Amino acid sequence: MLNMAIHKLFIDDFEEADYQLIAIHTTLENYRVAYFINQNLPVLLHRNKKDILIGTEKQKTGFSNFQFEDNKNQVFWTLIENKREISLPQKSKTINLFNEEQEFSNTHYFLPEFKNVDFFLKIESDANQIDINKITTKLNSIGQITTVYAVDLNRIKTKNNLIF
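Here numbering that gives the first Met the number 0 is used: the first residue of the sequence shown is 0, the next is one more, and so on.
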C-alpha cells in the first residue's frame, strides 16, 4: 500500500498582497502620465500592446496600461487607466425625415469603487522594499497631476481586476 502525503493550502497564505496601489488624479492623457512618471521615478514605463480586459463574456472593456519590469530590484510597475468612455451609435426611436443617429456614451471603471481616480500605479514586489511615501511625494510634485495617494487595499472590492 502506498503512503501518500496530504498537503493543505490555507486561504490565509494567499491573502497578503504583494503589491502597493497608488491613485492618481489628473486630466492628462495616459501617455503623458507615463512620461511624467518616467521623468520623476527610476522607471521606464512603456505601453503594453494588450489592454487589460474587464467585464462579462458579452461585454468586455479594455483598459490601457504601461509597464516596467525592474529585474535588478525585482519590482514590476503598471500604470492603469481607471476610466474608459465608450461611445456607441444609437438609432433614434422616432422616425423622422433625417433618420438621425445619436451617440450614447457609457463610462466603465477599472476599479468602480474609485470613480474619481483617473489612473492607478500598481507596484508589485515580494519584499517591502518600496517606500510608498517617497513615491507619492515625488508624484505629487508633478505640476500636471492634481493629487496622488496610496490606496488602502482593504477598501478595494474588485480585487480580481488587479490580477492580470
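Virtual Cβ for every residue (Gly too), placed ideally from N, Cα, C.
The model shown is predicted, which means the values in this text are computed figures rather than measured ones.
Taking a C-beta distance under 7 Å as the contact criterion, Trp76 and Val42 qualify as a contact pair.
Fewer than three beta-carbon pairs drawn from the segment 140 to 151 and the segment 42 to 57 are found closer than 8 Å, and the two stretches are therefore not classed as touching.
In this structure Gln19 is buried. Its beta-carbon is surrounded by 16 or more other beta-carbon atoms within 10 angstroms. Residue pairing of Leu78 in beta bridges, as defined by DSSP: Phe65, Leu120.
DSSP places Val42 outside both helix and strand once states are collapsed to three, so it counts as coil. The C-alpha of Asp130 is placed about 19 Å away from the C-alpha of Asn153. Our two residues, Ile85 and Phe62, have alpha carbons roughly 11 Å apart in a direct line.
Here Leu110 is not near Thr55, since their CB atoms are 7 Å or more apart. According to the DSSP assignment, Thr146 belongs to the beta strand (DSSP E) that extends over 144 to 149. Residue state for Leu27 is assigned as coil, using DSSP reduced to three classes. In terms of Cβ geometry, Lys137 and Thr106 do not form a close pair [threshold 7 Å]. Ranked by Cα distance from Phe163, the first of Ile5, Glu28, Asn132, Lys121 is Lys121. Following the DSSP letters along the chain, one finds Ile134 inside the alpha helix (DSSP H) bounded by residues 131 to 139.
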